[in-house]
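Engineer:
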Amino acid sequence: MTELEQNVEQQIKQLQEEVAQLKSKIEAVENTNKDQLSMAVVSGDMDKILATMVIALAAAAMDTEVKLFFSFWSLSALRDKNKTAPNKNLISKMFGMMLPKGRNKLKLSKLNMAGMGPMMIKSLMKKQNVLSLDEMFKQADELGVEITICEMSMNLMGFKKEEMIDYSHLRYAGAATFVGDAGESSAQLFI
Amino acid sequence: MTQDELKGLEVAKSVDARGTACPGPLLEAKKAIGTISTGDIMEILSADEGTRVDIPKWCTKKGHEYLGSVEESGFFKIFMKKNK
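Chains W and V supply the protein sequences, listed in that same order. Going by the numbering used here, the first residue of the first sequence is number 20, and it counts up by one from there. Going by the numbering used here, the first residue of the second sequence is number 978, and it counts up by one from there.
#1: Just checking, does the region 985 to 1002 of chain V make contact with the region 1014 to 1025 of chain V on the three C-beta pairs under 8 angstroms criterion?
#2: Measuring only the C-alpha atoms, how far is R190 of chain W from E182 of chain W?
#3: Which of the three DSSP states is assigned to T956 of chain V in this structure?
#4: Residues bridged to Q55 of chain W by DSSP?
#5: Between G1040 of chain V and chain W, is the shortest Cβ-Cβ distance under 8 angstroms, so that the two count as touching?
#6: Entirely within the region 1025 to 1051 of chain V and at least 3 residues each: give me those beta strand (DSSP E) ranges in chain order.
#7: To which residues does DSSP link T167 of chain W through a beta bridge?
#8: Is the beta carbon of P119 of chain W closer than 8 angstroms to that of K126 of chain W?
#9: Considering D281 of chain W, what are the terminal residues of the alpha helix (DSSP H) in which it resides?
#10: Please confirm if the region 33 to 46 of chain W is in contact with the region 184 to 200 of chain W, defined as three or more CB-CB distances below 8 angstroms between the two stretches.
#11: Please confirm whether L1004 of chain V has its beta-carbon closer than 8 angstroms to some beta-carbon of chain W.
#12: Using DSSP's beta-bridge definition, name the partner residues of L1022 of chain V.
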C-alpha cells in the first residue's frame, strides 16, 4: 500500500467516525421537544391533584403524550382505599394512618375546615358536572396517561406497592426517569 | 362562516357534552372524531364556555378545521370539520 492510499484510508475512517457522531447528535436533538408533557407531582392536596389531572386529561385529549411523576405527599392520592400492605414497621404504620388513604380522602390546601371544604368542593363539582377524581383517573388510564411512582419517596413514606391503585399505565422508577422524560418533553410542570 | 351558515350545516355527528365540564367536552370530542370520516362535520354541544376556546386550539393542533360556534340558550354549538 502506498503512502497516499494509507492517507486516504485514514481520512475516510475519520470522516465515517464524524458522520456517526453527527448522526447520534441529530437523533438526540430529534428526541427533545417531543409532543410530550412531563409533570412532577409532589403535592398531596386535593386541589393540586385535581389541577394535575385536568391538565393531564386536556393534554391527552390533544394527543400529547403525558407522563406524571408522583413523589412525596402526592403518593397518598395513589393509595387504594381497599388495599392494605402486610409487614409494615411501626413508623410506616403511623405514616399510613396519618396520611390520606386514597384520592377521595385528600385535603384542600386552603379552606379545608376539618374536611368540610373537600366535601363542599365535591358537591360543587358534581353540581357543575366536573368529572370526579375517580372518573379522571379512569379516563387518564384509558387515554394512556403514564403514572410513575418515585420508589424512593414511596419507601420513605412507608408505602408499599401492594397498597397502590390498579392502574394499567403505572410504573415505578427513580428521579432520573423524570429527568430523562422531562428532557425530551416540550412542556414540563412542577406541582 | 356566518351564524346562519353554521346553523344550516349538515352534521355527520353531534356530540352532546352538556353534562360535563372542562375537560370533559374535549375528551368526548376526541372520542367521537374517530367515528366520523374525513370531510365530515361534527358539532359539539357544550355548556362550558372554556370549551368554545379549547376546541379551536385542538383543531389547529390536529389539523382539523374549526368552523365557528353558535350560542343557544344556556349552551354552545361548536362546529368543526375533520380534515384527516
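Cβ atoms here follow ideal geometry from the backbone N, Cα and C, with glycine treated the same way.
Structural biologist: Short version:
#1: yes
#2: 14 angstroms
#3: The first residue shown for chain V is 978 and the last is 1061, placing residue 956 of chain V beyond what the model contains.
#4: W:E84
#5: no
#6: 1042 to 1049
#7: W:F88, W:R190
#8: In contact: K126 of chain W and P119 of chain W (Cβ atoms closer than 8 angstroms).
#9: The displayed coordinates of chain W run from 20 to 210. Any statement about residue 281 of chain W would go beyond what the structure contains.
#10: no
#11: yes
#12: V:D993, V:K1054
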